[in-house]
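Let me begin by presenting the structure, written as structure tokens, before commenting on it.
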Amino acid sequence: MHKTQAKLTISPSHLVCPQCMEVLVREDIEGFGHCPYCDHLFEPDAEIEDFLLSPVVAQWAVQQRPQPQADDPRLAP
Ligand SMILES: [Zn+2]
Numbered sequence: 472m473h474k475t476q477a478k479l480t481i482s483p484s485h486l487v488c489p490q491c492m493e494v495l496v497r498e499d500i501e502g503f504g505h506c507p508y509c510d511h512l513f514e515p516d517a518e519i520e521d522f523l524l525s526p527v528v529a530q531w532a533v534q535q536r537p538q539p540q541a542d543d544p545r546l547a548p
């Protein structure tokens, strides 16, 4: 039986390190790019980027909602 390459498991709230199988949350690899438990380096790929950026994108989407401009303090004289 062949050993298959560990598949990275990514869910919206966490991912599983393919080397030590620890459950990591976004903060664990954010800004470091490696597993805090076994030092496994996560290769930057679309799935990881998507995982890391999803809260930013969600926040950005909220900020892009049309706001009543009269209530925007930045526009006040
Ligand atoms: Zn690990």
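Per this note's numbering, the sequence shown starts with residue 472, numbered consecutively.
No residue lacks a Cβ here, since even glycine has one placed at the ideal position from N, Cα and C.
Treat the numbers as computed from the prediction; the structure is a model and nothing was measured.
Specify, as a first and last residue, the run of the beta strand (DSSP E) that residue i falls within.
i	result
L523	First-last for L523: 517 to 534, but that is the alpha helix (DSSP H), not the beta strand (DSSP E).
Just list the residues that DSSP pairs residue i with in beta bridges.
i	result
L495	L486
I481	L486
H505	L512
Grab me the residues of residue i's own chain with a C-beta within less than 6 Å of its C-beta, minus the 5 sequence neighbours each way, in chain order.
i	result
C506	C488
Could you give the C-beta distance for residue i and residue j, rounded to a whole number, given that I count them as a contact under 8 Å?
i	j	result
G504	F513	5 Å
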